[in-house]
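Residue numbers (this note's numbering): 119 to 701.
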């Protein structure tokens with residue numbers, strides 16, 4: 119192939135040299151040679167047939183030759199532009215009929231042959247097929263002329279030149295039409311390849327399904343995700359075979375049918391269990407350009423697993439911040455309450471002592487045979503005792519005790535706490551289960567204060583299981599590495615547990631009634647209790663929370679109504695170089 123032709127094709131991204139008519143010349147030279155043959159044949163008809171040609175005929179021949187000289191001098195790039203070809207065809211469509219007119223064959227069948235060639239060229243899809251057809255026609259036309267004696271008379275040359283005239287104008291129009299069609303095909307192919315590259319390079323899954331949800335197309339990302347090598351291996355397979363959504367989610371097939379029925383766009387998210395990914399799916403109708411009917415549905419699926427995970431982490435962080443805020447507010451409330459508690463408790467205790475003296479006096483002086491009166495006195499004594507218990511707990515809550523934090527063995531402390539609670543556990547018919555990870559585990563804590571925490575939580579667990587059919591108390595301990603940010607857990611100086619460090623966790627689980635979700639954030643507030651009036655003061659868990667803060671530990675809780683509650687007591691592991699530490 120001519121080097122200029124190859125260079126032009128390679129410099130144009132829309133044109134592919136392989137699909138054009140392959141000739142040993144460039145486009146420009148080929149068109150120049152064919153037009154020259156057409157001009158020579160037309161000039162012969164004007165000069166050597168019919169009457170003596172007029173000056174107009176000679177001027178026409180000169181003008182026609184000049185147009186071909188212009189073609190010769192034009193740069194090669196013009197022969198790859200559509201506007202040039204339209205201008206060229208328009209020019210020759212004017213010049214050729216004019217030449218036939220000037221030759222005197224205006225009333226002959228030469229005009230009919232010319233328009234026949236135009237019609238044949240318009241219907242021809244390929245240059246090769248067109249030339250085969252015109253050669254057959256030329257042979258039949260030549261046989262017709264010979265059979266009727268036109269090639270044996272004096273005008274045989276004039277009739278004989280019609281055949282090369284037909285061939286030359288057919289070559290011209292056929293070649294021009296064919297390269298224009300090939301240019302169009304090249305552009306279509308280039309656009310198709312470009313869109314194909316975009317579809318295959320995108321990071322989303324793309325497929326097209328028919329009305330029965332069978333695959334008509336799938337990009338390489340879709341093919342690879344579901345373990346295939348080639349798109350051909352999965353074409354025709356129902357789309358449902360690639361879906362493994364959760365049982366409680368909607369069926370994607372329903373969405374496909376809805377798009378067929380409504381012709382609208384649908385967006386939905388679905389979790390793929392097989393690939394452990396979440397996809398955002400967009401379903402669009404594919405319409406027939408003629409009838410505008412929906413004949414397929416395109417499905418574009420974008421992997422949003424990372425976004426879902428980030429949203430989950432963000433929600434967890436927001437929940438943690440809210441919980442931290444509530445705990446800080448709770449800490450401020452408890453600090454304020456502690457400052458008020460001592461003075462209030464003393465102010466209440468003095469009137470209670472006077473009331474106690476008055477009740478003692480009444481009990482001593484009133485007749486003992488009046489049972490109703492004796493019951494009333496007993497109720498007053500019980501109320502005084504309850505008030506004294508509240509005052510005692512309040513003073514304990516506000517008192518600044520000196521905790522001595524040192525390394526202590528955890529399991530003897532747990533066993534001792536359970537031993538002290540053995541009576542109420544056995545009396546309530548509760549099954550006790552111990553699950554200790556390491557019998558030699560040591561922690562950094564104050565023995566008495568931590569024992570108070572454990573006794574309080576065990577008692578609460580026993581109380582929670584009073585009405586339960588299954589009564590089971592589980593004490594579980596283990597050491598855990600700190601990997602997640604939580605309340606007083608992170609990388610700040612004020613955090614009790616540092617990321618990458620360790621904590622010792624004591625789980626106290628019961629099978630009780632559970633704590634409602636609305637109540638759970640309030641359980642560490644002072645004087646808040648879910649027990650009946652005579653069973654609790656509401657200071658137990660507040661004291662537990664305060665003690666854990668002073669031990670550089672935390673306490674968390676998880677609960678489900680009618681399933682039970684678990685408290686997580688998070689403690690500091692043993693200190694490497696133990697010294698008494700007052701907190």
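We put the beta carbon where it would ideally sit given N, CA and C, even for glycine.
Secondary structure of residue 702, DSSP reduced to three states: The question about residue 702 has no answer here: the residues shown for the chain are numbered 119 through 701.
Helix, strand or coil at residue 679 [DSSP, three-state]: As a working note, residue 679 is residue 561 in the chain shown. Three-state DSSP puts residue 679 in coil, outside helix and strand.
Residue 509 classed as buried or exposed, judged by whether at least 16 other C-beta atoms fall within 10 angstroms: As a position in the chain shown, residue 509 is number 391, starting the count at 1. Counting the other CB atoms within 10 Å of its CB gives residue 509 a total of 16 or more, which places it among the buried residues.
Range covered by the beta strand (DSSP E) that runs through residue 595: Position 477 of the chain shown, counted from the start, is the residue given in the question as residue 595. Boundaries of the beta strand (DSSP E) around residue 595: 590-599.
Cβ-Cβ distance between residue 763 and residue 332 below 8 Å: In this structure the chain extends from 119 to 701, so residue 763 is not present and cannot be described.
Residue 527, enclosing beta strand (DSSP E) - first and last residue: Against the chain shown, residue 527 aligns to sequence position 409. Start and end: 522-527.
Straight-line Cα distance separating residue 175 from residue 283: For the purposes of this step, residue 283 is taken as residue 165 along the chain shown, with counting starting at 1. For the purposes of this step, residue 175 is taken as residue 57 along the chain shown, with counting starting at 1. Answer to the nearest angstrom: the Cα atoms are 18 Å apart.
C-beta atoms of residue 470 and residue 506 nearer than 8 Å: Translated into positions along the chain shown, residue 470 becomes position 352. Translated into positions along the chain shown, residue 506 becomes position 388. Contact: yes.
Backbone secondary structure at residue 306 - three-state DSSP: Residue mapping note: residue 306 aligns to position 188 of the chain shown, counting from 1. In the structure shown, residue 306 sits in a helix (DSSP, three-state: H, G or I).
Spatial distance of residue 164 from residue 309 (CA atoms): On the chain shown, residue 164 is found 46 positions in, with the first residue counted as 1. On the chain shown, residue 309 is found 191 positions in, with the first residue counted as 1. Roughly 47 Å between the two C-alpha positions.
7 Å CB neighbourhood of residue 209 in its chain, flanking five on each side removed: Against the chain shown, residue 209 aligns to sequence position 91. The answer, listed in chain order, is 185.
Contact check, residue 566 vs residue 658, beta carbons under 8 Å: Locating residue 566 in the chain shown gives position 448, counting from the first residue. Locating residue 658 in the chain shown gives position 540, counting from the first residue. Not closer than 8 Å, so no.
Cβ-based neighbour list, residue 613, same chain, cut-off 8 Å, excluding 5 preceding and 5 following: Locating residue 613 in the chain shown gives position 495, counting from the first residue. Excluding sequence neighbours, residue 613 sits near 606 and 607.
Distance CB(residue 560)-CB(residue 530) smaller than 8 Å: On the chain shown, position 442 is the one that residue 560 refers to. On the chain shown, position 412 is the one that residue 530 refers to. If you check the CB distance, residue 560 and residue 530 do not come in under 8 Å.
Residue 541 - containing beta strand (DSSP E), residue span: Working through the chain shown from its first residue, we reach residue 541 at position 423. Premise fails: residue 541 lies in the alpha helix (DSSP H), 540-545, not in any beta strand (DSSP E).
Span of the alpha helix (DSSP H), counted from its first residue to its last, around residue 340: Counting from 1 along the chain shown, the entry for residue 340 is found at position 222. Taken as a continuous stretch (DSSP letters only), the alpha helix (DSSP H) holding residue 340 covers 338-343.
Contact check, residue 422 vs residue 325, beta carbons under 8 Å: For this step, residue 422 is matched to residue 304 along the chain shown. For this step, residue 325 is matched to residue 207 along the chain shown. No, these two residues do not count as a Cβ contact at 8 Å.
Residue 568 beta carbon less than 8 Å from that of residue 669: Position 551 of the chain shown, counted from the start, is the residue given in the question as residue 669. Position 450 of the chain shown, counted from the start, is the residue given in the question as residue 568. Cβ atoms of residue 669 and residue 568: closer than 8 Å.
Contact the segment 424-437 vs the segment 587-601: 3+ CB pairs below 8 Å: Counting Cβ pairs under 8 Å, fewer than three are found: no touch.
Validate contact between the segment 375-388 and the segment 398-408 using beta carbons, cut 8 Å, 3 pairs: Taking 8 Å as the limit for Cβ pairs, the verdict is that the segment 398-408 does touch the segment 375-388.
Per DSSP, cross-strand counterpart(s) of residue 399: Against the chain shown, residue 399 aligns to sequence position 281. DSSP output for residue 399 lists 386 and 419 as bridge partner(s).
Distance between residue 524 and residue 678 (C-alpha atoms, nearest Å): Here residue 678 refers to the residue found at position 560 of the chain shown. Here residue 524 refers to the residue found at position 406 of the chain shown. Between residue 678 and residue 524, the C-alpha separation is close to 36 Å.
CA nearest to the CA of residue 641, picked from 664, 329 and 625: In the chain shown, residue 641 corresponds to position 523, counting from 1. Residue 641 has its Cα closest to that of 664, out of 664, 329 and 625.
Touch test, the segment 583-596 against the segment 544-558, Cβ-Cβ under 8 Å, three pairs minimum: Touching, per the Cβ criterion.
Inter-residue CB distance, residue 580 and residue 542 (contact presumed, cutoff 8 Å): Numbered from its first residue, the chain shown carries residue 580 at position 462. Numbered from its first residue, the chain shown carries residue 542 at position 424. About 5 Å separates the two Cβ atoms, so the contact holds.
Start and end residues, beta strand (DSSP E) containing residue 705: Within the shown structure, residues of the chain are numbered from 119 to 701, placing residue 705 beyond reach of any answer.
Boundaries (first-last residue) of the alpha helix (DSSP H) holding residue 661: Position 543 of the chain shown holds residue 661. Residues 658-668.
Check: residue 596 C-beta below 7 Å from any heavy atom of the ligand NAD: Among the ligands in the structure shown, none appear at all, so the ligand NAD cannot be discussed.
C-alpha distance - residue 701 paired with residue 618, whole-angstrom precision: Taking the chain shown and counting its residues from 1, one reaches residue 701 at position 583. Taking the chain shown and counting its residues from 1, one reaches residue 618 at position 500. Caution is warranted here: a pLDDT of 48 is assigned to residue 701, below 50, making its placement in the model unreliable, and no coordinate value can be reported.
Beta-bridge partners of residue 691, as assigned by DSSP: Walking along the chain shown from the start, residue 691 turns up at place 573. Paired residues: 561.
Closer than 8 Å to chain C by CB, residue 206: Going by chain labels, chain C is absent from the structure shown, which holds only one protein chain.
In DSSP terms, what residue 323 is bridged to: On the chain shown, residue 323 is found 205 positions in, with the first residue counted as 1. 419.
Nearest-angstrom Cα separation, counted from residue 631 out to residue 549: Reading the chain shown from its first residue, position 431 is the one you call residue 549. Reading the chain shown from its first residue, position 513 is the one you call residue 631. Approximately 16 Å between the Cα atoms of the pair.
With 16 other Cβ atoms within 10 Å as the buried cut-off, status of residue 436: By 1-based counting over the chain shown, the position of residue 436 is 318. Within a 10 Å sphere around the beta-carbon of residue 436 sit fewer than 16 other beta-carbons, which makes this residue exposed.
Minimum C-alpha distance to residue 328 - residue among 161, 291, 251 and 374: Within the chain shown, numbered from 1, the residue matching residue 328 stands at position 210. Nearest option by C-alpha distance: 374.
Three-state secondary structure assigned by DSSP to residue 634: Taking the first residue of the chain shown as position 1, residue 634 is located at position 516. Three-state DSSP puts residue 634 in coil, outside helix and strand.
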